[in-house]
Amino acid sequence: MPTHLTTTQLERLFPKASQRVGKLSWKLTPYSVSLDWKGKDEIVLDWLLKKAFQIDNRGLISLTGLNPQSMPLINKIHIHQALTATLLYHVRIISDKKNYLFLSPSSSSF
């Protein structure tokens, strides 16, 4: 349950909703996640994504939900490689020398 992992870590880092942008709070069930906040959607979601997915001081993708501070470096490297390989496999980029167009591998535009 990746969402549960992330929210657990965020609750540890920011125990009170008042410490989170927009007083963000959540309710988790086995089948859903409900978010509640005050203010602009873009600001709150930007904060949430930036807290959940980060780049560490080595340039590796860091997932807050996995408690990266306690994770061995080799595990961080494996996660980084798996995520970047997945992104590179699932996204194709076409350039017309002016603009970039992102297409999925199933796109018939190739």
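Number 52 in this note's numbering belongs to position 52 of the sequence shown; there are no gaps in the numbering. All residues carry an ideal CB built from backbone N, CA and C; glycine is no exception. Note that the coordinates shown come from a computational prediction; the quantities given were computed from them, not determined experimentally.
Proximity below 8 Å, CB of residue i to CB of residue j
i   : j   : result
L60 : K76 : yes
L5  : G65 : yes
F53 : L45 : no
With 16 other Cβ atoms within 10 Å as the buried cut-off, status of residue i
i    : result
S108 : Caution is warranted here: a pLDDT of 48 is assigned to S108, below 50, making its placement in the model unreliable, and the coordinate value is therefore given only provisionally. S108 comes out exposed.
Q9   : buried
R20  : buried
T7   : buried
Under the three-state DSSP convention, the category residue i falls into
i   : result
W37 : coil
P15 : coil
L28 : strand
L63 : strand
Nearest-angstrom Cα separation, counted from residue j out to residue i
i   : j   : result
L48 : L83 : 19 Å
M71 : H78 : 11 Å
Q69 : Q81 : 18 Å
N57 : A85 : 20 Å
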